[in-house]
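Participant: Below is a structure I'd like to ask you about.
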Amino acid sequence: MGERISFVIQLPKDQIYSIPPAGNAYLFDFYSRRAAKRRRSRCCRCAAWSFASLFLLLIALAAIIGVLYLIFLPKLPSFSIESLSIHGLNVSSAVSAAALSPEILLTVRSENPNKKIGIYYRDGSYMVIAFSGVVIGRGTWPSFYQGTRNVTSVQTLLTGSGIRLADDSVRLLTAAVKSREVPLEIRVQVPARVKFGAITSWTTTVKLRCSPDNTQTGTVITNGAADILSPTHHEREELG
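Throughout the sequence shown, residue numbering follows my numbering, covering 496 to 735 in sequence.
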């Protein structure tokens with residue numbers, strides 16, 4: 496018989512596989528659950544801190560607003576019609592169904608009663624004047640800065656072109672002109688910013704509306720001239 500030859504094979508440890516003990520699976524599951532609980536706990540703590548921070552921020556903002564209100568004591572500006580003249584509202588032409596092209600010159604008294612607050616009226620305004628629900632003129636509110644305790648007369652021209660009235664509106668207009676009382680509705684929207692000392696607010700929209708519905712006697716307008724009844728409480732202001 497030939498001589499036996501023995502060989503020794505050496506393998507790296509990372510290539511030697513063995514069956515882990517049965518307890519390793521339990522330990523793996525235990526530590527996995529504990530790590531998941533820690534992650535959930537950290538998330539809950541973060542959410543709680545976030546809500547607490549937001550709540551404190553809201554309280555701080557409310558306190559700041561309250562202090563500013565007590566310091567500045569803001570009041571809404573007031574508006575009233577000083578004069579209004581209208582040309583081009585020819586009833587005989589309206590009866591014949593011809594197009595109307597009226598021109599309305601409107602003067603509004605704007606009063607800022609605040610001691611420490613100024614108002615910036617900005618570009619991008621919108622003004623309309625309507626009769627019986629039909630817009631007969633459009634214009635813009637001029638941009639300007641109104642200082643504290645200031646009264647300014649604002650004059651603007653509203654024009655219309657190619658306006659045709661329905662038969663019912665023609666009859667109403669004819670009767671109104673004969674009685675020399677033509678009720679019109681005026682609507683204004685103007686972007687504005689409020690100045691508190693050295694601080695200027697964001698832009699908000701001032702909305703004005705004047706109509707017979709919110710006056711005692713209505714706005715009286717005659718062809719070519721204007722007579723205003725109850726001129727001190729025509730407009731109602733809304734901030735939006």
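The C-beta atom is built at its ideal place from N, Cα and C for all residues, glycine as well.
Kindly indicate which three-state DSSP category R604 falls into: helix, strand or coil?
Facilitator: Against the sequence shown, residue 604 aligns to sequence position 109. Correct three-state label for R604: strand.
Participant: With a Cβ-Cβ cutoff of 8 angstroms, do N607 and Q650 count as a contact?
Facilitator: The residue given as residue 607 occupies position 112 in the sequence shown. The residue given as residue 650 occupies position 155 in the sequence shown. Result no, Cβ atoms of N607 and Q650 do not sit closer than 8 angstroms.
Participant: For G632 versus G613, is the C-beta distance shorter than 8 angstroms?
Facilitator: In the sequence shown, residue 632 corresponds to position 137, counting from 1. In the sequence shown, residue 613 corresponds to position 118, counting from 1. No, the Cβ-Cβ distance between G632 and G613 is not below 8 angstroms.
Participant: According to DSSP, is T651 part of a helix, a strand, or is it coil?
Facilitator: Working through the sequence shown from its first residue, we reach residue 651 at position 156. DSSP places T651 in strand when its eight states are reduced to three.
Participant: By DSSP, does S664 sit in helix, in strand, or in coil?
Facilitator: Numbered from 1 along the sequence shown, position 169 holds the residue referred to as residue 664. Here S664 sits in helix by DSSP.
Participant: Just curious, the beta strand (DSSP E) that L703 is in, first and last residue?
Facilitator: In the sequence shown, the residue the question calls residue 703 occupies position 208. First-last of the beta strand (DSSP E) with L703: 699-705.
Participant: Assuming L679 and A625 make a contact with CB atoms under 8 angstroms, what is their CB distance in whole Å?
Facilitator: Residue 679 sits at position 184 when you count from the first residue of the sequence shown. Residue 625 sits at position 130 when you count from the first residue of the sequence shown. Between A625 and L679 the Cβ distance is about 7 angstroms, and since that is below 8 angstroms, they are a contact.
Participant: Going along the chain, which residues of its own chain have a beta-carbon closer than 6 angstroms to the beta-carbon of Y621, five neighbours each way excluded?
Facilitator: For the purposes of this step, residue 621 is taken as residue 126 along the sequence shown, with counting starting at 1. The residues are Q684.
Participant: Look at the alpha carbon of V646 and the alpha carbon of S664, and state the distance between them as a whole number of angstroms.
Facilitator: Numbered from 1 along the sequence shown, position 151 holds the residue referred to as residue 646. Numbered from 1 along the sequence shown, position 169 holds the residue referred to as residue 664. Their Cα atoms are separated by approximately 37 angstroms.
Participant: Taking Cβ to Cβ, would you say Y616 is nearer than 8 angstroms to S638?
Facilitator: Residue 616 sits at position 121 when you count from the first residue of the sequence shown. Residue 638 sits at position 143 when you count from the first residue of the sequence shown. Yes. Within cutoff.
Participant: For L653, which residues of its own chain have a beta-carbon under 7 angstroms away from its beta-carbon, when the five flanking residues on both sides are left out?
Facilitator: Looking up residue 653 in the sequence shown gives position 158. Hits under 7 angstroms: I599, L601, M622, I624, G632, R633, G634.
Participant: Taking A693 as part of the beta strand (DSSP E), name the residues at either end of that continuous run.
Facilitator: For the purposes of this step, residue 693 is taken as residue 198 along the sequence shown, with counting starting at 1. Run containing A693: none; DSSP gives neither H nor E here.
Participant: Could you tell me which residues DSSP puts in a beta bridge with F626?
Facilitator: Residue 626 sits at position 131 when you count from the first residue of the sequence shown. V629.
Participant: Could you tell me which of A661, A557, K570, A693 sits nearest to K610, measuring between CA atoms?
Facilitator: Taking the first residue of the sequence shown as position 1, residue 610 is located at position 115. Of A661, A557, K570, A693, the residue nearest in Cα terms is K570.
Participant: Let me know the secondary structure DSSP gives S573 once reduced to three states.
Facilitator: As a working note, residue 573 is residue 78 in the sequence shown. If DSSP states are grouped into helix, strand and coil, S573 belongs with the strands.
Participant: Pull up the distance between the alpha-carbon of R688 and that of T669, whole angstroms please.
Facilitator: Stepping through the sequence shown from its first residue, residue 688 is reached at position 193. Stepping through the sequence shown from its first residue, residue 669 is reached at position 174. Each residue's alpha carbon lies about 42 angstroms from the other.
Participant: Only counting the same chain, and skipping five residues up and downstream in sequence, which positions put a Cβ closer than 6 angstroms to that of W544?
Facilitator: Taking the first residue of the sequence shown as position 1, residue 544 is located at position 49. Contacts found: none.
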